[in-house]
Structures are given as structure tokens and as C-alpha cells.
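Chemist: Numbering-wise (this note's numbering), the sequence shown opens with residue 1 and increments by one.
We put the beta carbon where it would ideally sit given N, CA and C, even for glycine.
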Amino acid sequence: GEMAVGKMNILRVFPRRTAMTPTDEDVRVGYPTLWDRPNLDRGIHISVAFTWDIPFAERLLKAWEPFGEVRIGGPAFNNPAGDFVCGRYLKMGAVITSRGCPNRCWFCKVWKANPTQTELPIQKGHIVYDDNLLACSDTHILKVFDMLKSQRKIEFVGGLEAARLKDWHIESLLRLSIHQMFFAYDTNDNLEPLIIAGVRLTRAGFNRNKLRCYTLISYPGDTFEKAETRLLQAWKAGFLPFAMLYCDDERGTNLEWRRFARLWMRPAATKKVALRLLR
1 GEMAVGKMNI LRVFPRRTAM TPTDEDVRVG YPTLWDRPNL DRGIHISVAF TWDIPFAERL
61 LKAWEPFGEV RIGGPAFNNP AGDFVCGRYL KMGAVITSRG CPNRCWFCKV WKANPTQTEL
121 PIQKGHIVYD DNLLACSDTH ILKVFDMLKS QRKIEFVGGL EAARLKDWHI ESLLRLSIHQ
181 MFFAYDTNDN LEPLIIAGVR LTRAGFNRNK LRCYTLISYP GDTFEKAETR LLQAWKAGFL
241 PFAMLYCDDE RGTNLEWRRF ARLWMRPAAT KKVALRLLR
């Protein structure tokens with residue numbers, strides 16, 4: 001989430017760099033450097049996306065205290081977020097046009113932080129990060145698609161819900177320059193809608209290079225065999241699966257699961273292993 005920024009000069013600090021971390025001059029990753037100077041007029045926001053980074057972020061809080069007024073927040077803390085501001089906590093090009101999700105999935109923190117679906121003012125960008133865009137009103141979805149008409153290499157990375165996919169969504173998507181769109185297979189009741197969506201999207205002309213599917217693995221009671229079955233089900237439905245490791249705050253994920261997941265994260269490796277298993 002975005003922490004509200006006042007009129008003062010803000011330095012944004014991140015525990016780690018990811019593909020979506022902003023790169024402007026007011027961004028730091030990790031501890032202060034030799035070039036940072038105390039500035040009492042400056043606000044410092046430590047933005048934490050992942051719960052496992054919280055202990056490190058708390059150490060960063062102490063390290064940055066001499067340099068200005070420090071606040072800590074972000075998605076890891078489940079605090080409700082306000083309007084999205086381009087380039088503040090996600091790099092330019094990434095946008096959030098709505099927050100929240102009406103579903104109440106047991107493993108998901110999104111609805112706990114934002115229990116109601118909130119439509120935000122639409123900013124321009126080509127990477128859409130909404131929690132559940134297709135749960136928004138038709139009017140809002142149309143406005144988002146309209147904004148995307150001028151964009152290239154469009155990615156829906158927050159995830160599109162297969163059960164909510166309508167024919168007019170598919171028709172609109174066909175008019176856009178899509179690079180990739182992610183769907184999700186997290187629970188058993190996701191499978192049938194995913195298979196139906198796969199058939200409709202494939203018939204419309206989309207292929208596995210553009211159709212991705214987050215597939216939840218490593219939750220309590222899961223096994224490598226069961227996880228492999230679900231990942232292959234997503235593949236057979238016409239999607240390129242992407243393994244999402246379940247990680248609760250207490251136990252984390254073990255090395256064997258991380259090794260297993262790595263085979264199902266990079267497209268080239270995933271294609272290789274899926275084709276081998278289906279021989």
C-alpha cells in the first residue's frame with residue numbers, strides 16, 4: 001500500500017530491490033550510504049511488501065532515524081491504503097486502479113486489509129496491479145481498458161479471476177497490446193472456471209505465451225506430487241503456470257519447496273518440465 005505523503009520532501013526506502021522498485025533519486029534500498037545526510041525537513045518512508053522483510057525493515061527504521069522523520073508501512077502490514085500515486089512505491093508504468101477483493105480466500109491477506117472493493121482514480125500505465133480488476137464495476141473496467149488502448153506490452157499481474165471473465169472482457173482484451181495476463185489456481189473450486197476460461201481465451205486467439213496462471217503450492221498438507229498435478233492441470237487448461245509459494249509468518253518455506261518452485265517460475269524451465277512430464 002501507499003503511505004500518505006505530505007508536502008515535505010520524502011525519501012522512500014525499500015528492504016530489497018525487485019523488478020517493480022522505483023529507481024528515481026529519492027529511492028534507497030537498505031541501509032543509509034555515506035552520501036546520505038541528516039535532514040530534519042525530510043520524511044523517510046520504509047515501504048515493506050513482504051511479511052518476511054519486516055524484521056529487516058525494523059532494523060532499517062533504527063538505522064534511518066538520525067536522517068529524518070521515519071515511518072514504516074506497506075502491504076506487509078495489512079494497513080488499508082489510499083489512492084495510488086504513480087512512481088511512488090512502484091516503478092513508473094505500474095498502476096493500481098482498484099483495491100480489495102470480494103472473495104474471502106483463507107490464505108489471502110488482501111481482503112483483510114481492504115475488505116471492500118474500492119475503485120481508484122485511473123492513472124496511465126501498462127502494468128496493472130489490481131487485486132481483482134474483474135470484480136470492479138463494468139464502468140470502471142471499461143475505463144481501465146480505454147486507458148490501456150494507448151499502452152504497449154500490457155501486463156495484468158495482479159491476476160484476473162477466471163470465474164468473472166465475460167465475453168465482452170475477452171473482446172476488449174483482443175483490442176489491446178497484451179504481453180501477458182495472469183489468472184489464478186489457488187483452490188479446487190478455481191479449476192473448472194480456469195478450464196472454461198482457457199478454452200474461451202484460446203479460441204479467441206490467445207496462447208500460452210500470453211496466458212499465465214499463479215498456482216498456489218506448499219500450503220499445509222500439500223505434497224510435491226499434488227502440487228505437480230495442479231501445475232500440470234493449469235498447463236493443460238492452456239496456461240503457463242507460475243508456482244506461488246505459500247508462506248505464513250511463522251514457518252516460512254523450506255529449501256526443498258523453493259527448489260521445486262524454481263522449476264515452475266521461469267517460462268523456459270516450466271515449458272521444459274511440463275513437456276517432459278506429459279510425454
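Which partner residues does Ser218 have in the DSSP bridge list?
Modeler: Its beta-bridge partners do not exist; DSSP assigns none.
Chemist: Which first and last residues belong to the beta strand (DSSP E) in which Met244 is found?
Modeler: Leu240 to Leu245 is the span of the beta strand (DSSP E), which, as asked, contains Met244.
Chemist: If you count every other CB in all the chains shown that lies within 10 Å of the CB of Gly292, and 16 or more means buried, which is it?
Modeler: Residue 292 is absent from the structure shown; the chain starts at 1 and stops at 279.
Chemist: Please state if the CB of Ala243 and the CB of Ile217 are separated by a distance shorter than 8 Å.
Modeler: Between Ile217 and Ala243, the C-beta spacing is below 8 Å.
Chemist: I'd like the span of the beta strand (DSSP E) that includes Leu284, first residue to last.
Modeler: Any property of residue 284 remains undetermined from this structure, which presents the chain solely from 1 to 279.
Chemist: Cys136 and Ser98 - do their beta-carbons sit closer together than 8 Å?
Modeler: In this structure, Ser98 lies near Cys136, with their beta-carbon atoms less than 8 Å apart.
Chemist: Specify, as a first and last residue, the run of the alpha helix (DSSP H) that Ile195 falls within.
Modeler: Leu191 to Ala204
Chemist: Can you grab the Cα-Cα spacing for the pair Ile178 / Arg12, in whole Å?
Modeler: 31 Å
Chemist: Between which residues of its own chain and Ile96 is the CB-CB distance below 7 Å, once the five residues before and five after are set aside?
Modeler: Phe84, Leu120, Tyr129 and Asp130
Chemist: According to DSSP, what are the bridge partners of Thr118?
Modeler: Arg99
Chemist: Excluding the five sequence neighbours on either side, which residues of its own chain have a C-beta within less than 7 Å of the C-beta of Trp235, listed in chain order?
Modeler: Pro241 and Ala274
Chemist: Give the DSSP-derived three-state secondary structure of Arg16 in the structure shown.
Modeler: coil
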